[in-house]
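Remarks on the structure that follows.
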Amino acid sequence: QKAAGVLPDGMDDRAVNYLFKTPGGSLYHSGDSHYSNYYAKHGNEHQIDVALGSYGENPRGITDKMTSADMLRMGEA
Numbered sequence: 021q022k023a024a025g026v027l028p029d030g031m032d033d034r035a036v037n038y039l040f041k042t043p044g045g046s047l048y049h050s051g052d053s054h055y056s057n058y059y060a061k062h063g064n065e066h067q068i069d070v071a072l073g074s075y076g077e078n079p080r081g082i083t084d085k086m087t088s089a090d091m092l093r094m095g096e097a
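And the structure:
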């Protein structure tokens, strides 16, 4: 198989988020570790009572985890 010139799909198309709705409230889990603009979309479309995000600090040169600033952005979304 040839990999040259083939780009991977964007994370927005591959990311997985979970929303559990129960009689006692709803629980949202960010699933993947990247920040996604879909957090705001999900927050606008659903009542979310508790949200869990995948937090981590990134070493130099790597940005695959949500930092404390990203967690704040997720909470505001």
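Add 20 to a position in the sequence shown, counting from 1, and you land on the number used in the numbering used here. Note that the Cβ used here is the ideal one computed from N, Cα and C, for glycine as well. Note that this is a predicted model, so its numbers are computed, not measured.
{"query": "Based on the DSSP output, what are the partners of residue 42 in its beta bridges?", "result": "45"}
{"query": "Roughly how many angstroms separate the alpha carbons of residue 94 and residue 54, rounded to a whole number?", "result": "11 angstroms"}
{"query": "Am I right that residue 35 and residue 45 are in contact with their C-beta atoms under 8 angstroms? What's the rounded C-beta distance?", "result": "Not quite, the Cβ-Cβ distance comes to about 23 angstroms (not below 8 angstroms), so this is no contact."}
{"query": "As a quick exercise: from 42, 63 and 81, pick the residue whose alpha carbon is nearest that of residue 96.", "result": "63"}
{"query": "Specify, as a first and last residue, the run of the beta strand (DSSP E) that residue 71 falls within.", "result": "70–72"}
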